[in-house]
Amino acid sequence: ARDGKGGGRVGDERERSRQFGFVGFRTEEQAAEALRYFNNTFVDTARLRVEFALPVAHASLPRAWSKYTKGTSGYARREAKKHESERAARALEDG
Numbered sequence: 015a016r017d018g019k020g021g022g023r024v025g026d027e028r029e030r031s032r033q034f035g036f037v038g039f040r041t042e043e044q045a046a047e048a049l050r051y052f053n054n055t056f057v058d059t060a061r062l063r064v065e066f067a068l069p070v071a072h073a074s075l076p077r078a079w080s081k082y083t084k085g086t087s088g089y090a091r092r093e094a095k096k097h098e099s100e101r102a103a104r105a106l107e108d109g
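Quick note on numbering: my numbering labels position 12 of the sequence shown as 26, and the sequence is numbered without any gaps.
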């Protein structure tokens, strides 16, 4: 849930924290210093793991698997099935 002020908490429908967040910096140097300073530290009993964000489809990220993600085999099967259903419906209408 975002508070609309440029920041906020990442939570579920019950407003429980999902235990992750995103922070932006003005320069890469500031970001690198924050990573060095905060990575593997603790807030209460929660260990912080700090990483740089990567672009979508970056080579080092795991392969997408969702049937809703373009480029996956599940998506291709889902789209083919959807188009086949649409063709069958049109054939019945034209029938």
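No residue lacks a Cβ here, since even glycine has one placed at the ideal position from N, Cα and C.
Keep in mind that this is a model prediction, so the values were computed, not measured.
Look at the alpha carbon of residue i and the alpha carbon of residue j, and state the distance between them as a whole number of angstroms.
i, j, result
"E100", "E43", "53 Å"
"S80", "R61", "29 Å"
"R77", "R92", "18 Å"
"R30", "N53", "23 Å"
"Y51", "E98", "55 Å"
Looking at C-alpha atoms only, which residue of the options is the closest neighbour of residue i?
i, options, result
"F36", "F66, L106 and E27", "F66"
"A46", "V64, A102 and A71", "V64"
Between which two residues does the alpha helix (DSSP H) holding residue i run?
i, result
"A90", "S87 to D108"
**OP:** Enumerate, from N- to C-terminal direction, the unbroken alpha helix (DSSP H) stretches of 4 or more residues contained entirely within the segment 31 to 73.
**Re:** Counting only runs of 4 or more, we get 42 to 52.
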